[in-house]
Every structure is written in structure tokens, then in C-alpha cells.
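So the structure is just underneath, and the comments pick up after that.
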């Protein structure tokens, strides 16, 4: 494909996407295909000879599109938003085209420096602790997902704990391997029962025994019970175990519950454990000063993670991880083979982000964040968050005033959790009817043993009329609710 | 940004990229900026109010571009290629615009099914074992990088070993935690000294003690010495340890050495260890039948990974991981909270790729691979690989025939490792001169204790004249070689 052909086909794809953005509301939000339906329409083998670009675009429409669940639809309320704003799509396009690797500063200095810079911008924009900025000992890094970030902090926490020598050493008589492995044997991690599954997954990947992860009880609002945390930590210490990692969540996935960050942080510090704050979804809310109360105590955190790719109008993948002490990450991850040695790195004047995460290769993801920050400006980002919170408040008000429905959890951000008063069967039937309508897509969770529906408001193009449409679907003709389908 | 504005700005970005692709040869390949230079030109804070799109594009040219090391330049030979072919850029653009999450089949069926399908296509196209296809017990998955894939297989190998109960249990009298941790204490992993650093990194992340990773000696061609592997495995077993993971490399990063895959696989099987084959770079060569001898024995592998984002014309990130038994991955990674439960998954009729890797969220990366496979066809892919291998043979021939230079390792694929006969200082001076010229960019490695330069041929637009230019830079005016700079 020559540059001129690229220009021509590029226009075609841009046109295709502009039309898609304009018409996305017309598609059923949740794809209606059955398992295997897409594959059955694809040929058994790759073509021997290259095909015209127009054929690919034709199949994109005819084969792929029916199998898409439309995350960018204004009627998509199923999961936290995964916003592909037009500005971020274009920033990502530049990143794809430049095709640079930011594993080392030297392999594209702008990739590293723009990343450091826009992440510092966000610290100020969100009122986060200055210690997270890269001009001191801390710094931010873009990772793909909060799952990866949380794993990174678990690994860094373990390395710091082992380095600090705070764990109880076994006698020197033991076998060498047994002794080495005992490094992990006494380490204990803590999160709430409502914490994201990535904490358990990260603990498992890191090789920490599952029984050394404590999922602490929650209070009535599904926030971690700090008193329960204090008790279990004390019990562990009394038993000779070493608390090494504590995770608090601001905005849990199930219901956006807010853990008592300050108290949890104080307990973590008291026991010398790494304190990680997972604000994957709700962190973006901190661009609004009136929502920063949700972040009280975050200055106690060793690490903090949130996803601009969720609620901050930046397309997936773009997770931001901040640490107060960047050497803790670098110590945990740095391995330098000969082919990665270079003058800039050896002087220590630059940051090499490959030492901040699992991956070596990394794309220029700061570009799309930069496009978003400049296109929207601070005011535009705040306006987006405020619109979503207002819509959530509006919908929560409808639910609260209704005889048929009730709130299942407080609605602080853009998520409203609610249920039908008649019980789980009716609640599920309502969900199925909404999803089957094609006009909207919701998911469920379980709160206090009862099914609750999650209306996650946050789409770029979601307006009050889309929320009203869900409300209408909830209100009319409940008698005709169909049974859940078996696929 | 309205759809119409997106169309307009989208054309601008496409034009910018078309011009970039056309002119990339004109830029100095290795960026010449000093540390901090890019940041010093960026404002201290994000803008309060959104800015016109044209200003962002202006700063892209004026501030960002000087800090880019041009991986897409035909003079880029420093690392294995990271090809952003025009077709893949456009496939990636569609993925950015659709903005779907493929964590579950149900969250966009086409995302999962196209991924399964094109990865099956590649099995046939590359002559890989049919057991890697998803119509049986195996299957492929797209991950971001081979580092992540290798970590995934380490975690799966450990889980399988523990599940299989083959490890030696400690007495039941030990403390509960100590006993649990002992699960890892006897596990041993193996790779060659020339294996990629991601093996050591993955072992570290997984919490396996470093002393339980054996970096086995290599032969004169820098391939793993299988006899040495046999000895060290036997020693470990005799000492009561359990070999759980063996990694062979097809095409090492330093010199593209090829480990004796079949013998290593037989040893791994004999000891019941997971056998992983890392063909991150060289795997793409298997699209050419005449290069499949490099993959002899790969049917013994439990897992196999290669990067279409390296040599198969697909832009970063796109790694393919294949396993013979997909339940081994799923067992290791599956955790299902309530909000991810859904009818399609419960039936077991579908694949949910979130259980195949570290991350939960995942973008629709199969699209760009599909665009590439259809645009180039099998013939186009083979032609690309053959062009690069021929250019490497041509350059290796120049080196071999020269009085001043010699090959440092065999050139089987697109990489040529060579050095100046006068010794390391001259070899380094040659590298610096080439890199300072702005016309090309090379890196170095160490072979047999001596510095070797790496000319990695594989760019989309790299032609013989670009290789000739490197040769010219190597031959003329060596007296004026400058000293390495200190940044």
C-alpha cells in the first residue's frame, strides 16, 4: 500500500467511523448473534493472494458488525464506560502510525517524556499528592489495565518487604530452596470482599498462596470495615505473619462503594505494608473538586491507579499508575541484557519505562491522553463527569420515588444499582427485557444476597433521553417479561 | 467533536500520516534530543479550556517529532522490526473507533471469534501443529507482548504442576503457610543464557526464587547445549527438586540463535515439565516453507509464542500465544465475580479470553491482524520475509568477504551480527558513527565476550539501497570515527 493508497483507504476508514459514530445508536446495543455465528461466515483459510481493501470493509460491515456489542452506544450501561472519544481515537491513530517503542527513553525520547509530563498534569488536575509527580522521587506510568498495575504493585510490595528485611527469617539450617521460598510464606495481603477480582488474580500470578489473601468484611454500604481490617492484621502479626500489601478501593466495581482510605492507609503504615489505592473507575471523578472528598487519605498511598480509558474520554487501553517511590518498581522489575544497554540509561538521567511493568515493548499511549487533555481541557473533562453524575442522580431519584424499584446501593458517581421490590426473578426479567430490546444494555451484581442491576452512565454521547428510555422499558408491560434465554 | 468534525480532523491525521510514511526516510533515525528537551517545551499544566485541533497537530510536528526515534524508517536496524504496515494501521484504527472490550465472548462476540479464527488461520499458514487450533483442546490468544505470554505460561505451568501433584509434598506437620509456600520451593525453570530477559522477569514476577531458574550453557552458535540441560535437570531431580518449566528459543534476541527444540522438548516431556517455545521474532519466518526447519520439534511444545507485531507487518501490540491444552491457562487465571457472570459463559459454549492472561480488559486486536492477512495474503507475507532474509544474506556476504569485518554469529533470518576485526573500540566507534549520521540506527550485543553490532533488517520500506548505505558508512573515513557521546 503506497502512501497515496493509504491516504485513500484512510479516508474510507475515517468515513466509515464517522458514520458509525453518527449511527451507533441505531444498532442493538447487545449483539444478538449465537456462539459460532461469526466464525461460520469466515473462510477456512487466509487468502493466498492479497484482496482489495474494499472487500475487507464490506466484510467489516456484513460479518463483523453484527457480532459487535456496541460499547460506544449511548444506550450502553452494562460496564463502566470504555470511552473512545473522537479526540482519543485520532491520538491513538498517530500512535499506531508512528509505531515507536517506548521501552527505553532512547528508543523514542518523546514517548517517555510526554508520558511523564501528561501524568504530572493529571496529578495537578485531580488534586493528587505532589509526591506522585516525577520531579521528585515518585512518578506515573501508563499501563494497559488496572489488573496489570495492581500486579505490578504486588510484585513491588513483595520486593520492598523482602529488601527491608522485616520478614522473619527462618533458621539458617534449612535447605537453601526451602529458605528462599519462605520469603513469601509469611507474607499476607488484604483487600475487601468487594475489591476487584484483579487483586486475587494478581496475588495468584505472583505466587502468593490464596490463603494469604484476606478479603476483609464490608459495612452496610459495601465499603471495607476498617475495624475488621485492624483485627485481622493484628491477628496475622501475632501469628508471626507479615502484612505486605493492603488494597483500598475508591469506587468498587459492583456498586462504586468507597473504602475508608485514610483509616486503611494508617493501618497499612502502622504495619509497614505497601498501601495501594485502586480507583480504576472513580479516579477520574477527582478532576471535579466537589468529588475529591472520595479521595480523602490518598496521600498515604504508596501507589494509586485509575483508568483514563474508563471515565476520562480516552480510548482503551490507558491505565495510569502512580507511585511515591519509583525505585520500588524499578528494583522489582529491572533486568538489563546487553542489547538494551545504552548511554542515556547508564547515566541515570532518564526514565526507562520498561522497568515499571511486566512488558518490555510499549506503545506511545501518552499521545491519545495528550490529545484528550488538550481537546477537552480541564473544563471539558469536568463537564463530562458532571453530566454523568447528574444523570445518575436523576435516575436514582426516579428509582427512589418509585413504588416498584429501590436503590441497592448509594449512587455517588455515574453508577446506579437498583432492584425490583418483587425480588430477584422480577429484577432479572427486567434486565433481560431491557437487553433484549436492543435499546440499552445492563448487567447485574449481587448486593446483600439479592440481585441488583447496574446502570453505568458515562458514554460520550449518552443523554437524558437514553436514561429515560431505560426507565420507560422498566415501567411498561412487566407482565410480558420473557424468561432468560439459554445462550 | 461531532461526527463531521471527526471526519474533517480524521482526514487531517490521515494526511499527516501519509506524509510521514512518505517522508520518514528524511528524518534522523535516532532522535538527537537531550534528556528533558521535550518536556522543557511543554506547558506546566493541562489547558483549562479545550484547544483547536490544529494546535495539537502543530505541536505534534514541532515538539513531538524531534523526540521520535523512527522505528518505521527504512534505516531502522536497531531492534527487531516493529512493523506498522499501512493495512495494520487502518485495522487498528477501526479497533480504536469501535472501542469494544473482548474480555468475555458476550461483550463482543466478533472480537473473540475473529481472534480464534485468524489465529487458526496462522497455524495453517505457518505449518504449526494442529493441536494449537481452537477446534480441539488447544487454541491461540492475542496478548500484548511475548513478555506477558511467557509470564502466562510460567503461571500455567506452575498451576499444572501443583494440580498434578507431582511435586514432593512436605510433611503435614509444617506450618500451614510454610507448607503452602513450599509449593514453589522445589520448582525449577530452565532456559538458555541467551534466552530473552522476559523469562527471568516472568520467573521473578511469579515469585519463583531466582536461584531456581537455570540459565543453561550455550554452544558455539549460542544455541542451548541440550546435553548441559539434560545434566542440570537430572541433578535437580536427584536433589528432590521438580523441573516445571523449560523454555526454548527459536531466534534469540542477541543473535537469532536457534535452540535444539526437539531435544529440549523431549527432555522437558521426560521430566513432566511444561515446554514453552519463544519464537517472538523468528516465528513469522515459518510462513515460508523453506524456513520451517527452524521449527523442528515444535509439536512437543505445550505453548508457543510469536509476535506478528515484529516481523509479520502488524503494528504493535500483537503477540500470539498458542497452547495445546487451553484448560491449563484457564485453570490458572479464571476468577469470576458476579458482575462477569453471563449465560453464554455458563454454558461453556464460548471462550472468554479474560481467563487466558493477566489483563481483564482487552481491545479488538484481531482486526488489524485480519486486515494484514487479507491485504497481503499468504504470498505477500512470504514475499516480505524473503526480501528481508535475502537482504540479510546479501549484507552477510559483504561482511564475510571483507578484510575489516567479520560475522559474529550465523545469519539465518533478517539479523546480521558482525564486528570490526580491530576489536571492540573500533566496532563501537563504527556503531556511533552510523547512528550519529542519522541515516541508520544499529544496536550492539556481546558475543563470546566481544562487542557485535546488530543489523536487524525487516522494515516495510527497507530496500537494498538502505543496506548499502550502512555498508558505505562502515567503509569510509574510519579515521574520523568520533568517541561515544556521554548522553
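Chains as they are written, first to last, in this note's numbering: chain A, 499 to 985; chain B, 499 to 985.
Yeah, the Cβ is synthetic: ideal placement off N, Cα and C, and Gly gets one too.
This one's a predicted model, so the numbers in the text were calculated from it and none came from an experiment.
Thinking just about the alpha-carbon of each residue, which of B/613, B/959, B/861 is nearest to the one in residue 591 of chain B?
Against the second chain, residue 591 of chain B aligns to sequence position 93. If we check each option's Cα against that of residue 591 of chain B, B/861 comes out closest.
Assess contact between the region 816-831 of chain B and the region 631-639 of chain B, defined as three or more Cβ pairs (one per stretch) separated by less than 8 Å. Is contact present?
yes
How is the alpha helix (DSSP H) around residue 753 of chain B delimited, first residue to last?
In the second chain, the residue the question calls residue 753 of chain B occupies position 255. From DSSP, residue 753 of chain B is part of no alpha helix (DSSP H); its letter is neither H nor E.
Nearest-angstrom Cα distance between residue 919 of chain A and residue 605 of chain B?
Locating residue 919 of chain A in the first chain gives position 421, counting from the first residue. Locating residue 605 of chain B in the second chain gives position 107, counting from the first residue. Just so you know, the alpha carbons of residue 919 of chain A and residue 605 of chain B end up roughly 28 Å apart.
Using beta carbons (cut-off 9 Å, strictly below), is residue 896 of chain A in contact with chain B?
Mapped onto the first chain, residue 896 of chain A falls at position 398. Not a single CB atom of chain B sits nearer than 9 Å to the CB of residue 896 of chain A.
Using a Cβ-Cβ distance under 9 Å, would residue 760 of chain B count as near chain A?
As a working mapping, residue 760 of chain B is identified with position 262 in the second chain. Answer no: the Cβ-Cβ gap between residue 760 of chain B and chain A never drops below 9 Å.
Using DSSP bridges, identify the partner residues of residue 904 of chain A.
If you number the first chain from 1, residue 904 of chain A lands on position 406. Answer is A/917, bridged to residue 904 of chain A.
Determine the closest residue to residue 713 of chain B out of B/705, B/803, B/722, B/610, with distance taken between C-alpha atoms.
Here residue 713 of chain B corresponds to residue number 215 of the second chain, with the count starting at 1. Measuring from the Cα of residue 713 of chain B, the nearest candidate turns out to be B/722.
Coil, strand or helix - residue 722 of chain B by DSSP:
Numbered from 1 along the second chain, position 224 holds the residue referred to as residue 722 of chain B. Correct three-state label for residue 722 of chain B: strand.
Could you tell me if residue 538 of chain A is buried or exposed, where buried requires 16 or more neighbouring beta carbons within 10 angstroms of its beta carbon?
Residue mapping note: residue 538 of chain A aligns to position 40 of the first chain, counting from 1. Under this definition residue 538 of chain A is an exposed residue.
Show which residues of chain A have a CB atom less than 8 Å away from the CB atom of residue 695 of chain B.
To locate residue 695 of chain B, count along the second chain from 1; it is residue 197. Result: 833, 834, 835, 838, 858.
Answer yes if the region 848-862 of chain A comes into contact with the region 587-601 of chain A, meaning at least three C-beta pairs across the two stretches below 8 Å, and no otherwise.
Verdict: yes, contact present.
Are residue 757 of chain B and residue 751 of chain B closer than 9 Å when you measure CB to CB?
Stepping through the second chain from its first residue, residue 757 of chain B is reached at position 259. Stepping through the second chain from its first residue, residue 751 of chain B is reached at position 253. Not a contact, by the Cβ cut-off of 9 Å.
Between which two residues does the beta strand (DSSP E) harbouring residue 637 of chain A extend?
Walking along the first chain from the start, residue 637 of chain A turns up at place 139. Counting along the chain, the beta strand (DSSP E) containing residue 637 of chain A begins and ends at 637-641.
Between the CA atoms of residue 794 of chain A and residue 968 of chain B - distance to the nearest angstrom:
Taking the second chain and counting its residues from 1, one reaches residue 968 of chain B at position 470. Taking the first chain and counting its residues from 1, one reaches residue 794 of chain A at position 296. One alpha carbon belongs to residue 968 of chain B, the other to residue 794 of chain A, and they sit about 58 Å apart.
Name the chain A residues that come within less than 8 Å of residue 720 of chain B, Cβ to Cβ?
Working through the second chain from its first residue, we reach residue 720 of chain B at position 222. The contacting residues do not exist; residue 720 of chain B stays about 12 Å from chain A at best.
Inter-residue spacing [alpha-carbon to alpha-carbon] between residue 917 of chain B and residue 928 of chain B
To locate residue 917 of chain B, count along the second chain from 1; it is residue 419. To locate residue 928 of chain B, count along the second chain from 1; it is residue 430. Straight-line Cα distance between these residues: approximately 9 Å.
What did DSSP end up calling residue 1015 of chain A once you bin it into helix, strand or coil?
Missing from the structure shown is residue 1015 of chain A; chain A here goes from 499 to 985 and no further.
Identity of the residue in B/685, B/554, B/564, B/889 nearest residue 960 of chain B by Cα
One-based indexing of the second chain puts residue 960 of chain B at position 462. Ranking B/685, B/554, B/564, B/889 by Cα distance to residue 960 of chain B puts B/889 first.
Please list, in chain order, the chain A residues whose beta carbon lies closer than 8 Å to that of residue 871 of chain B.
Within the second chain, numbered from 1, the residue matching residue 871 of chain B stands at position 373. Those are 544, 545, listed as they occur along chain A.
Only counting the same chain, and skipping five residues up and downstream in sequence, which positions put a Cβ closer than 7 Å to that of residue 710 of chain A?
By 1-based counting over the first chain, the position of residue 710 of chain A is 212. Once the five neighbours on either side are set aside, the close Cβ partners of residue 710 of chain A are 685, 686, 687.
For residue 506 of chain A, which of helix, strand or coil comes out of DSSP?
Indexing the first chain from 1 puts residue 506 of chain A at position 8. In the structure shown, residue 506 of chain A sits in a helix (DSSP, three-state: H, G or I).
Mind reading off the beta-carbon distance from residue 574 of chain B to residue 875 of chain B? Whole number of angstroms is fine, and I expect it under 8 Å.
Start at 1 with the first residue of the second chain, and residue 574 of chain B comes out as number 76. Start at 1 with the first residue of the second chain, and residue 875 of chain B comes out as number 377. The Cβ separation is near 25 Å, so there is no contact.
Other residues of its chain near residue 561 of chain A: CB distance less than 7 Å, five sequence neighbours each side excluded
Sequence index remark: in the first chain, residue 561 of chain A carries index 63 (1-based). Here the set comprises 536, 539, 540.
For residue 526 of chain A, which option in A/545, A/551, A/569 has the closest C-alpha, if you only look at C-alpha atoms?
Start at 1 with the first residue of the first chain, and residue 526 of chain A comes out as number 28. Minimum Cα distance to residue 526 of chain A is reached at A/569.
What residues in its chain sit with their C-beta under 6 Å from that of residue 896 of chain A, if we drop five residues either side in the sequence?
For this step, residue 896 of chain A is matched to residue 398 along the first chain. Excluding sequence neighbours, residue 896 of chain A sits near 969.
Kindly indicate which residue of B/554, B/812, B/776 has the alpha-carbon position closest to the one of residue 652 of chain B.
Stepping through the second chain from its first residue, residue 652 of chain B is reached at position 154. Comparing C-alpha distances from residue 652 of chain B to each of B/554, B/812, B/776 shows the shortest one belongs to B/776.
Apply the 10 Å Cβ neighbour rule to residue 738 of chain A and answer buried if 16 or more other Cβ atoms are within range, or exposed otherwise.
Here residue 738 of chain A refers to the residue found at position 240 when the first chain is read from its first residue. With a 10 Å radius around the Cβ and a threshold of 16 neighbouring Cβ atoms, residue 738 of chain A comes out exposed.
Short-range partners of chain A found in the region 509-527 of chain B, where Cβ spacing is below 8 Å:
509, 511, 512, 513, 514, 515, 516, 517, 518, 519, 520
Looking at residue 786 of chain B: is its Cβ nearer than 9 Å to the Cβ of residue 887 of chain B?
Position 288 of the second chain, counted from the first residue, corresponds to residue 786 of chain B. Position 389 of the second chain, counted from the first residue, corresponds to residue 887 of chain B. Residue 887 of chain B sits close to residue 786 of chain B, with the two beta carbons spaced by under 9 Å.
Taking only beta-carbon positions, decide if residue 924 of chain A is within less than 9 Å of chain B.
Within the first chain, the letter at position 426 stands for residue 924 of chain A. For residue 924 of chain A, the nearest beta carbon of chain B is not closer than 9 Å to its own beta carbon.
In the DSSP output, what is residue 481 of chain B paired with across the bridge?
An answer regarding residue 481 of chain B cannot be provided, because it is not within the stretch 499 to 985 covered by chain B.
Check whether the region 574-583 of chain A and the region 576-589 of chain B touch, using three or more Cβ-Cβ pairs below 8 Å as the test.
no
Look up residue 604 of chain B in the DSSP assignment and give the residues it is bridged to.
If you number the second chain from 1, residue 604 of chain B lands on position 106. Beta-bridge pairing links residue 604 of chain B to no other residue.
Give the single residue among B/556, B/973, B/532 whose Cα lies nearest to the Cα of residue 900 of chain B.
As a working mapping, residue 900 of chain B is identified with position 402 in the second chain. Cα-wise, what sits closest to residue 900 of chain B is B/973.
For residue 950 of chain B, which residues does DSSP report across the bridge?
Taking the second chain and counting its residues from 1, the one referred to as residue 950 of chain B is at position 452. DSSP links residue 950 of chain B through a beta bridge to B/943.
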